[in-house]
Structure formats: structure tokens, C-alpha cells
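Peer 1: In this text, residue positions in the sequence shown follow the UniProt record's numbering: the first is 1, and each later residue adds one. C-beta atoms are modelled at their ideal positions from N, C-alpha and C, and glycine is treated no differently.
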Amino acid sequence: MNFSVIDLISKLINKLKSSNESGERNGNSAFFEDLTPKNNIDENGQYSNALTWALENININNIALTGPYGSGKSSILKTFQSKNSRDYKFLNISLASFKEEEEKNENILEKGILQQMFYKVPSKTLPFSRFKRIRNEKKLIVYLKVSFLLIFLFLGLHLFNPSFLGEFYNKTTIKNNITSGNKFSLIVTGFLLLIFLAYSINLITNLFNFLGRNLKFSKLTLPNATIEIDKESESSIFDKYLDEIIYFFETTEFQVVVFEDLDRFNNLEIFEKLRSLNTLINNSQQINRRVVFLYAIKDDMFGSEDDMFSSRNRTKFFDFIIPVIPVINSSNSYQILKNKLKTTPGAEAITEDLINDITFYIDDMRILINICNEYNLYKEILGSIDLIENNLLAMIVYKNIYPKDFSELQFNKGLVFDVFKNKAAFIDTRINELESVMLKTENDISKVEREALTNIQELDLVYAKALFTNNKQIQLDGQQYFESNWEGLQFFEKLEGVGSIAHYNQTYGWRNATREQVASVFDTKGDYFERKRIIKIKEANQIDKLKQKIELLRKEKQEVMAWSLKHIISQSDSEEIFKGKIREKKLLVYLIRNGYIDEMYSQYMNYFYPGSITTEDMKFIMSVKDLEALPFNYSLSNVNRIAEKLHGSDYKRPEILNYDLIEFLLANKNRYPLFLDLVIEQLVNQSQVSLSFIDSFKDITKFKDDFIKMIGKRWTNFWSFIQFDSNYSTIKTEDYLKDIIRYVDKEDILAMNIEEVLTHYISNKSDFFALLPNIDEVKVQHILKVSVK
Numbered sequence: 001m002n003f004s005v006i007d008l009i010s011k012l013i014n015k016l017k018s019s020n021e022s023g024e025r026n027g028n029s030a031f032f033e034d035l036t037p038k039n040n041i042d043e044n045g046q047y048s049n050a051l052t053w054a055l056e057n058i059n060i061n062n063i064a065l066t067g068p069y070g071s072g073k074s075s076i077l078k079t080f081q082s083k084n085s086r087d088y089k090f091l092n093i094s095l096a097s098f099k100e101e102e103e104k105n106e107n108i109l110e111k112g113i114l115q116q117m118f119y120k121v122p123s124k125t126l127p128f129s130r131f132k133r134i135r136n137e138k139k140l141i142v143y144l145k146v147s148f149l150l151i152f153l154f155l156g157l158h159l160f161n162p163s164f165l166g167e168f169y170n171k172t173t174i175k176n177n178i179t180s181g182n183k184f185s186l187i188v189t190g191f192l193l194l195i196f197l198a199y200s201i202n203l204i205t206n207l208f209n210f211l212g213r214n215l216k217f218s219k220l221t222l223p224n225a226t227i228e229i230d231k232e233s234e235s236s237i238f239d240k241y242l243d244e245i246i247y248f249f250e251t252t253e254f255q256v257v258v259f260e261d262l263d264r265f266n267n268l269e270i271f272e273k274l275r276s277l278n279t280l281i282n283n284s285q286q287i288n289r290r291v292v293f294l295y296a297i298k299d300d301m302f303g304s305e306d307d308m309f310s311s312r313n314r315t316k317f318f319d320f321i322i323p324v325i326p327v328i329n330s331s332n333s334y335q336i337l338k339n340k341l342k343t344t345p346g347a348e349a350i351t352e353d354l355i356n357d358i359t360f361y362i363d364d365m366r367i368l369i370n371i372c373n374e375y376n377l378y379k380e381i382l383g384s385i386d387l388i389e390n391n392l393l394a395m396i397v398y399k400n401i402y403p404k405d406f407s408e409l410q411f412n413k414g415l416v417f418d419v420f421k422n423k424a425a426f427i428d429t430r431i432n433e434l435e436s437v438m439l440k441t442e443n444d445i446s447k448v449e450r451e452a453l454t455n456i457q458e459l460d461l462v463y464a465k466a467l468f469t470n471n472k473q474i475q476l477d478g479q480q481y482f483e484s485n486w487e488g489l490q491f492f493e494k495l496e497g498v499g500s501i502a503h504y505n506q507t508y509g510w511r512n513a514t515r516e517q518v519a520s521v522f523d524t525k526g527d528y529f530e531r532k533r534i535i536k537i538k539e540a541n542q543i544d545k546l547k548q549k550i551e552l553l554r555k556e557k558q559e560v561m562a563w564s565l566k567h568i569i570s571q572s573d574s575e576e577i578f579k580g581k582i583r584e585k586k587l588l589v590y591l592i593r594n595g596y597i598d599e600m601y602s603q604y605m606n607y608f609y610p611g612s613i614t615t616e617d618m619k620f621i622m623s624v625k626d627l628e629a630l631p632f633n634y635s636l637s638n639v640n641r642i643a644e645k646l647h648g649s650d651y652k653r654p655e656i657l658n659y660d661l662i663e664f665l666l667a668n669k670n671r672y673p674l675f676l677d678l679v680i681e682q683l684v685n686q687s688q689v690s691l692s693f694i695d696s697f698k699d700i701t702k703f704k705d706d707f708i709k710m711i712g713k714r715w716t717n718f719w720s721f722i723q724f725d726s727n728y729s730t731i732k733t734e735d736y737l738k739d740i741i742r743y744v745d746k747e748d749i750l751a752m753n754i755e756e757v758l759t760h761y762i763s764n765k766s767d768f769f770a771l772l773p774n775i776d777e778v779k780v781q782h783i784l785k786v787s788v789k
């Protein structure tokens with residue numbers, strides 16, 4: 001009893017819940033619109049007036065409603081039929097084909113037309129038709145028919161062979177039990193007889209149904225004739241079953257036959273057959289009424305060329321043509337889409353620019369309506385994610401205009417996927433360029449630090465002495481230079497732009513030489529002009545500027561690694577990015593170029609369960625597992641789940657370094673102490689990746705104090721590296737010093753003061769406290785145990 005009560009309560013709760021959900025769905029359904037033809041257009045009635053006039057004109061039997069796809073032909077017909085259903089009896093025939101350039105055999109088309117005609121009306125309306133259909137009769141009717149059949153058989157036996165039934169009855173136990181007078185035996189016999197009769201009737205009924213569904217005859221052979229059914233014939237279906245068609249219209253009351261979508265098959269012959277059929281119907285005395293064929297077709301159905309022949313075909317075939325002005329095209333679709341989006345909550349965030357631009361590519365009302373429908377549905381389903389409205393609408397437009405590529409994108413295929421996949425190649429190219437400049441700059445710093453000479457005069461003397469020791473004379477473009485006159489005649493300035501060179505050696509005599517040979521003293525020294533460039537840098541004391549340049553290049557490298565495809569396109573030749581077939585997809589190129597379809601596209605394609613791993617999150621996890629690093633600033637959604645999915649060994653890898661993840665670990669240092677410790681241990685290994693991460697992360701984290709403190713505790717050579725090995729500029733070096741003094745524990749700072757490197761640096765800074773205005777001087781003196789100047 002308790003179970004049934006609980007079960008009842010559970011059902012009631014589910015009922016209420018279902019009712020509530022149904023109510024919510026009904027509320028949301030106000031934002032949806034069906035794609036079927038509308039019956040409320042033609043408000044001014046021009047098309048209805050034209051159709052009415054044509055239908056009332058007894059000379060007109062074939063009417064064409066012409067216009068491009070999506071122009072509203074079907075809606076006009078539906079509107080007219082809804083307003084004139086009492087005046088005319090309409091028969092609608094539509095043979096839609098959804099494959100371009102599909103050609104159909106005429107007989108197949110004619111068969112399709114006949115099927116729609118004869119299945120339009122119930123079979124009892126056409127009792128004498130040879131086209132038989134399956135009829136669903138109620139079981140009670142079938143039982144009665146079988147019962148009557150059995151009664152009929154018994155009556156027949158009784159009339160024509162009464163002794164048979166008598167003899168049969170005498171042999172049964174039924175007679176014995178009835179004549180015995182035993183009531184119990186009589187009841188049992190009657191009960192068994194009823195069961196036998198009921199089962200027999202049911203068995204025969206099921207047998208009839210089975211035979212009716214499955215027994216088919218393809219050939220019936222008689223002694224002197226053979227009749228074949230459903231055999232292919234070379235004659236037209238219309239010709240073969242003309243009497244059936246006449247019988248159909250004779251029996252029914254249809255006055256107007258509406259043909260739609262026949263133009264999709266690009267088969268002119270079917271129109272010729274239909275016109276001939278219309279003539280036969282209207283000339284038939286059996287039908288004795290006028291039947292009008294009304295066609296909804298595209299403008300160029302009778303020819304794609306603009307010539308007189310095509311025009312004559314159209315006007316010769318049809319008795320009256322009604323042109324349809326499209327209700328939507330690229331010039332007015334903007335306002336239509338904007339009006340439809342007004343009813344959608346949140347759609348006000350969609351920018352005017354996006355609506356205006358995408359509607360240049362949309363000229364079909366059904367597509368536009370479906371875009372709005374799917375936008376509403378996706379918005380409702382993906383509502384738990386903070387989506388960008390512009391990007392959501394762009395994905396829906398992409399899905400409707402390029403459905404095949406959208407489908408392939410979900411399986412990491414297609415045009416869009418390839419564009420984003422190739423993004424890495426453009427980033428690698430730019431990073432290689434930056435690294436090349438960084439390497440050159442680092443080499444310059446190294447050369448400056450190694451250069452022993454202090455000015456250009458010293459350089460000239462050293463190279464001139466080496467040149468004229470073994471060469472008594474050198475000619476530059478005919479001008480002769482000796483050891484005695486090279487300086488006054490500006491030998492090295494002339495050498496930089498020289499055309500021809502010759503030199504005289506006592507051993508070999510006169511020989512030609514190249515600029516590079518002379519500048520390197522015939523490969524015995526470094527290039528003169530390169531050393532001159534380095535000495536100029538040294539003279540101008542520009543080493544710190546070179547270090548700052550490297551810092552900027554490193555920062556730019558991090559930014560480049562996080563470049564969006566939109567940014568890459570703005571910085572590159574778009575023809576290099578949009579190669580192949582995608583260049584033909586103008587709308588798709590527009591959506592990608594403007595960032596409406598971006599790297600986060602999967603968020604707009606898949607259902608998101610709160611707390612689950614997104615595609616982007618999974619990409620990061622796999623990058624750690626596969627040792628393929630992503631940019632430090634790669635965005636993560638559910639960091640908590642990511643931290644738990646990664647193992648301790650993963651936190652030892654450089655691929656783990658991510659701003660969002662390390663920020664999360666710092667915010668939850670008591671929850672994940674082991675993971676955070678493994679990351680810090682990696683960061684103090686002095687690798688270029690670790691240094692780049694520390695340098696960029698320390699300025700953006702909310703937990704800078706904890707971060708620098710942990711680095712200082714684990715890295716005894718922290719300051720020594722910054723001062724001597726980092727190649728950091730003076731400004732950056734002093735920034736690190738500020739952070740160390742502010743955040744690192746006193747004991748750890750003292751541990752860094754190896755060979756008093758920190759003491760000497762601070763002691764040589766007379767303006768040290770001006771750099772750190774908020775630092776307690778007593779604290780600094782206590783830490784360093786020196787008198788700060």
C-alpha cells in the first residue's frame with residue numbers, strides 16, 4: 001500500500017514538472033516561426049485580384065506564378081487558397097527535389113503526380129479505380145465479416161448437404177453432454193465451444209490480414225492469356241492511365257490543380273504533358289467542368305538565356321503569367337532580420353554592423369527565418385555559457401549557409417577547421433622572425449662586451465697597420481693608397497662604397513680583391529665594418545637599450561603566441577590565409593576575418609554541462625600530455641576540473657605553465673600545495689621558458705607577493721642571475737630588486753647575498769631609497785647589515 005501511494009505522489013510530481021516545462025516551452029515558442037508558406041501576405045490583394053480574374057476568365061486554363069526561389073510564391077498561393085476555399089476546390093501537388101541539377105525520368109514525375117492525386121481523396125470516393133490502397137479497418141468490422149463468412153458456410157452446408165452437419169454433430173461430445181442432462185458438463189462444453197469459435201475467428205482474421213499485406217501477384221496466367229501487373233511500359237504514365245485520370249476528375253470536384261516545385265527537376269517535357277492533359281480534361285464530356293492548372297515556377301524555367309525563343313516558350317505555354325516580386329533580397333533583408341531579432345531577449349547586443357553585413361548574403365526568407373529560429377534555440381540551450389551574441393549569430397548563419405562545412409567542423413574537418421589549423425604556421429613564422437632579431441641583438445651585446453677597442457680611430461689604426469704591412473699599395477677605384485697617406489685620403493670611408501680593388505704584394509705582385517677581403521685583412525681579422533658598428537654602440541653606451549629591445553621582443557613573442565586569427569589576418573596578406581575553396585565562400589571569409597567565428601567556435605556548437613571540461617580546456621590538457629606547449633595566456637574555463645585531471649608528473653613539465661592555472665593554484669595554495677610546489681620548483685630551473693613565464697606573470701597576478709616570495713625561497717641565485725646573467729636592462733633589473741626587497745623573506749634575501757653581490761649593488765645606488773619610497777630603511781639595513789649610502 002505504501003509503495004502505491006509513493007508511486008502516485010511521484011507520478012503527480014512528474015506530471016506537475018512536465019506541465020511546468022511545457023509551459024516554459026510554450027513561452028519560449030513565441031520566438032519561433034515555422035518555415036511553411038504563410039497565409040497572411042498579399043495584404044493589398046494585388047496577387048489575389050490577378051488570380052481571381054484569371055480563374056474567372058473561361059479562356060484561361062494554364063496559369064503561371066513566376067518568381068525566383070524564396071520570392072513568396074507558395075505563400076501567395078496559400079493566402080489565396082485560405083481566402084477562397086469556399087469559391088474553389090483546390091488540389092495541391094508538390095514534388096520537391098533537394099538536389100541541384102537533378103533530372104528525373106518523365107514517367108517517375110508522372111507517377112508522383114498521380115500518387116498525390118489519388119491519395120488526396122479517400123478510396124471510397126473512387127470505388128471503381130484500379131488503384132487499390134491499403135485500408136485500415138477496425139478489428140470489430142473484420143471479426144464481424146469473418147463471423148458472417150462462417151455463418152454463410154454453415155448455411156450453405158445446411159441447405160445443400162444437411163446430412164453432413166447432422167453426422168458431424170452426432171460424432172461430437174457436444175451432443176452427448178447436452179443430452180446427458182449434466183449441468184456441469186453442459187457449462188464446460190459451452191465454455192470450450194466459445195473458446196474454440198473465438199480462436200477460430202481470430203485465427204482466420206489474422207490469416208486474412210497477413211495475406212492482404214504480403215500476398216502480391218505479378219502475373220496471372222489463364223489457359224489462353226497472360227495478364228501482367230506493374231510491368232514497365234514504354235508508354236507515358238499519363239497515357240496509360242488516362243481513363244483513371246478522367247475518372248478521378250469526374251468523381252471529384254477539384255477545379256484548380258496547384259503544381260509546386262516541378263521546376264526543380266528542369267524537365268520541360270513534364271510541362272508539355274501537363275498542358276496536354278489539361279486540354280483533355282477540359283474537353284472531356286464526362287467531367288463537364290473547367291479545370292485550371294496553376295503552376296508556381298521560377299522565371300527562367302523555359303530557358304536560361306535572354307532570347308526571344310525563351311520568351312515565346314513561356315507565353316505560348318501559359319495562358320496567363322503573374323510575376324512575383326520577391327519579399328526579400330539583399331537590399332531589404334537587413335530590416336527584416338533586424339525586426340525579427342527584436343523579439344529575442346539578449347539580441348539587442350548584436351551589432352548593427354554584423355546584421356547589415358551578413359544580410360548582403362541572404363536573399364531567401366526561409367533561410368532568414370530559420371536563422372532566427374536556430375539562434376533562439378541555441379541561445380536557450382547554451383544559455384549557461386557566457387556567449388558573445390555576435391559570434392553566436394555568426395555561427396548560426398554559417399550553419400545555415402554552409403551546413404556541410406559546419407557538420408565537418410564538428411569532426412575537425414572542413415574549410416573553417418583548416419584555416420584555424422594553419423594559424424600555427426603564421427605564428428611560427430612571426431616568432432622565428434622575432435627570435436632571429438633577438439639572437440642578433442644578443443650577439444651584438446656579446447660583441448660589445450668583448451670588444452677591446454674603445455673608438456673608431458683605434459680601429460682604423462689597427463686595420464691599416466695590418467693591411468699595409470703586407471701590401472705596399474692598394475688601389476680603390478683607381479685611387480692609390482700607401483701606408484703614408486691612407487688616413488688623409490679617408491681610405492676606410494672610400495672602401496665602404498668601392499667598385500674595384502687591386503693590391504700590390506711583393507710576393508705575388510698586383511692582384512684584384514673584393515671589399516670583404518680587404519675589410520677582413522684577407523680573412524685574418526673580423527669584418528672592419530661590423531666591428532665599427534659594434535664600437536659605435538659601445539661609444540654611445542647603448543647596451544642597456546639593446547637589453548630593453550630584447551625585453552620588448554620577448555614580450556612581443558608572448559603576444560604573438562596568443563594572437564587570434566583575426567589579428568593575424570589584419571597583419572598579413574589575407575590571400576595567404578584564405579587559400580583554395582574557402583576564397584569562394586565570401587560570407588565565410590567575412591565572418592572569420594572580422595572575428596565573428598574565432599578560436600572559441602566549439603563553445604557555440606556543443607552543449608555545455610556546468611562543471612564539465614570544454615573543448616578548449618581539453619586541448620590544454622592534451623597539450624600537457626603530448627608535450628606541445630600552448631601560449632601562457634591560453635584561456636581556460638574550468639580551471640578547477642583541469643587541476644584535478646592533471647597528475648603530479650604533469651606539473652613538472654614546462655607545458656603546464658599557464659596564467660589561469662598558476663593563478664588558480666596560488667589562490668588555492670592550501671588545497672593544492674604539492675602541485676604549486678612542483679610548479680615553483682620548475683620555475684627556478686633558469687630555463688628560458690621559466691624565465692619568460694616569471695617575467696610576464698609577476699606583473700599580472702593578483703598574488704604577486706606570494707609568487708615572488710616562493711621564487712625567492714627556492715632560488716638562492718635569484719638576484720645573481722638577474723644582475724649578471726639575465727641581460728635585463730637597468731630598469732628591469734631594478735624592478736626585480738624592488739620585488740625581492742618587498743616580498744622575499746629576510747632570511748631568503750640574506751641567502752641570495754652570495755659574495756655580497758646584493759650588498760654591493762645597493763651600496764652603489766645613491767638613490768636606492770628613491771627607488772623604494774615605501775620600504776622601511778631600518779628593515780633594509782638590518783637585512784643587508786651595511787650602511788646604505
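From Ile237 to Arg290, what does the alpha carbon distance come to, in whole angstroms?
Peer 2: So the alpha carbons of these two residues sit roughly 23 Å apart.
Peer 1: Out of Asn594, Ile731, Phe675, Arg86, which one is the CA nearest neighbour of Asp544?
Peer 2: Asp544 has its Cα closest to that of Ile731, out of Asn594, Ile731, Phe675, Arg86.
Peer 1: Helix, strand or coil for His647? Go by DSSP, reduced to three states.
Peer 2: Coil at His647, not helix or strand.
Peer 1: Assuming Asn267 contacts Glu110 under a Cβ cut-off of 8 Å, what Cβ separation, rounded to an integer in Å, is found between them?
Peer 2: Between Glu110 and Asn267 the Cβ distance is about 10 Å, and since that is not below 8 Å, they are no contact.
Peer 1: Can you tell me whether DSSP reads Gly70 as helix, strand or coil?
Peer 2: If DSSP states are grouped into helix, strand and coil, Gly70 belongs with coil.
Peer 1: May I ask you to report which of helix, strand or coil DSSP gives Asn356?
Peer 2: If DSSP states are grouped into helix, strand and coil, Asn356 belongs with the helices.
Peer 1: For Asn470, which beta-bridge partners are listed by DSSP?
Peer 2: For Asn470, which the question treats as bridged, DSSP gives no partner whatsoever.
Peer 1: Which one or two residues does DSSP pair with Gln479 in a beta bridge?
Peer 2: Answer by DSSP bridge pairing, in chain order: Leu476.
Peer 1: Restricting to runs no shorter than 4 residues, where is the alpha helix (DSSP H) found entirely within the stretch 237–312?
Peer 2: Listed in chain order, the complete alpha helix (DSSP H) runs (minimum 4 residues) inside the stretch 237–312 are 237–240, 242–251, 268–283.
Peer 1: Quick check on Gln46: buried or exposed, where buried means 16 or more other Cβ atoms within 10 Å of its Cβ?
Peer 2: The residue in question, Gln46, is exposed, as its Cβ has fewer than 16 Cβ neighbours within 10 Å.
Peer 1: With a threshold of 16 other CB atoms inside 10 Å of the CB of Ala729, please say whether the residue is buried or exposed.
Peer 2: The question names Ala, yet the displayed sequence has Ser at residue 729. Buried, since its Cβ has 16 or more Cβ neighbours within 10 Å.
Peer 1: What is the rounded straight-line gap between the Cα of residue 830 and the Cα of Met438?
Peer 2: For residue 830 there is no data in the structure shown, the boundaries of the chain being 1 and 789.
Peer 1: Check Arg511 in the structure and name its three-state DSSP category.
Peer 2: The answer is strand: DSSP assigns Arg511 an E or B state.
Peer 1: Whole angstroms are fine: how far does the CA of Asp748 sit from the CA of Thr716?
Peer 2: Going by the C-alpha atoms only, they are around 7 Å apart.
Peer 1: Can you give the beta carbon distance from Ile325 to Lys423, rounded, assuming they're within the 8 Å contact cut?
Peer 2: Contact doesn't hold; Cβ gap of about 45 Å is too wide.
Peer 1: Could you pull out every residue in the same chain whose Cβ sits closer than 6 Å to the Cβ of Val256, ignoring the five residues on either side in sequence?
Peer 2: Tyr88, Phe90, Val292, Leu294.
Peer 1: With a CB to CB cut of under 7 Å and the five nearest residues on each side skipped, what residues in its chain are close to Glu389?
Peer 2: The answer, listed in chain order, is Gly346, Ala347, Ala349, Ile350.
Peer 1: Which ranges would you report for the beta strand (DSSP E) in the stretch 424–458 if only whole runs of at least 3 residues count?
Peer 2: The qualifying runs do not exist here; there are none.
Peer 1: So what does DSSP say about Phe320, is it helix, strand or coil?
Peer 2: The answer is strand: DSSP assigns Phe320 an E or B state.
Peer 1: Identify, in the order they occur along the chain, each residue of the same chain with its Cβ nearer than 7 Å to the Cβ of Ser572, setting aside the five sequence neighbours on each side.
Peer 2: Only Phe426 meet the Cβ criterion.
Peer 1: One question on the structure: do Arg641 and Ile680 come within less than 7 Å of each other, judged by their Cβ atoms?
Peer 2: For Arg641 and Ile680, no; Cβs fall outside 7 Å.
Peer 1: Would you give the residue range spanned by the beta strand (DSSP E) that Asn505 belongs to?
Peer 2: 501–505 is the extent of the beta strand (DSSP E) around Asn505.
Peer 1: Could you name the residues that DSSP lists as bridge partners for Ile63?
Peer 2: According to DSSP, which records beta bridges pairwise, Ile63 is partnered with Leu294, Phe320.
Peer 1: Going by the beta-carbon positions, is the gap between Lys340 and Cys372 smaller than 7 Å?
Peer 2: Cβ distance < 7 Å, so Lys340 and Cys372 count as in contact.
Peer 1: Apply the 10 Å Cβ neighbour rule to Gln781 and answer buried if 16 or more other Cβ atoms are within range, or exposed otherwise.
Peer 2: It is exposed - the Cβ of Gln781 has fewer than 16 other Cβ atoms within 10 Å.
Peer 1: Between Asn471, Ile287, Leu636, which lies nearest to Arg511 when the distance is taken from Cα to Cα?
Peer 2: Ranking Asn471, Ile287, Leu636 by Cα distance to Arg511 puts Asn471 first.
Peer 1: Please state the DSSP three-state secondary structure of Asn92.
Peer 2: If DSSP states are grouped into helix, strand and coil, Asn92 belongs with the strands.
Peer 1: Given this structure, state the Cα-to-Cα distance separating Lys15 from Glu374, to the nearest angstrom.
Peer 2: Here Lys15 scores only 46 on pLDDT, less than 50, and its place in the model is too uncertain to base an answer on.
Peer 1: Check Glu599 in the structure and name its three-state DSSP category.
Peer 2: The answer is coil: DSSP assigns Glu599 none of H, G, I, E or B.
Peer 1: Per DSSP, what kind of secondary structure is Arg130 in: helix, strand or coil?
Peer 2: Coil.
Peer 1: Within the stretch 376–402, note down every full alpha helix (DSSP H) run reaching 4 residues or more, in order along the chain.
Peer 2: With a minimum length of 4 residues, the continuous alpha helix (DSSP H) runs that stay inside the stretch 376–402 are 389–401.
Peer 1: Quick one: residues in its chain with C-beta nearer than 7 Å to the C-beta of Val121, no 5 flanking neighbours on either side, listed in chain order?
Peer 2: Same-chain partners within the cutoff: Thr252.
Peer 1: Taking only three categories from DSSP, how would you classify Ser123?
Peer 2: Reduced to three states, the DSSP call for Ser123 is helix.
Peer 1: If you draw a straight line from the alpha carbon of Phe417 to that of Ile592, how long is it in whole angstroms?
Peer 2: So the two alpha carbons sit approximately 11 Å from each other.
Peer 1: Cα separation between Ile60 and Asp319?
Peer 2: Taking the straight line from one Cα to the other gives about 5 Å.
Peer 1: Taking the alpha-carbon positions, what's the residue 805 to Ile245 distance?
Peer 2: Residue numbering for the chain in the displayed model covers 1 to 789; residue 805 lies beyond these limits and cannot be assessed.
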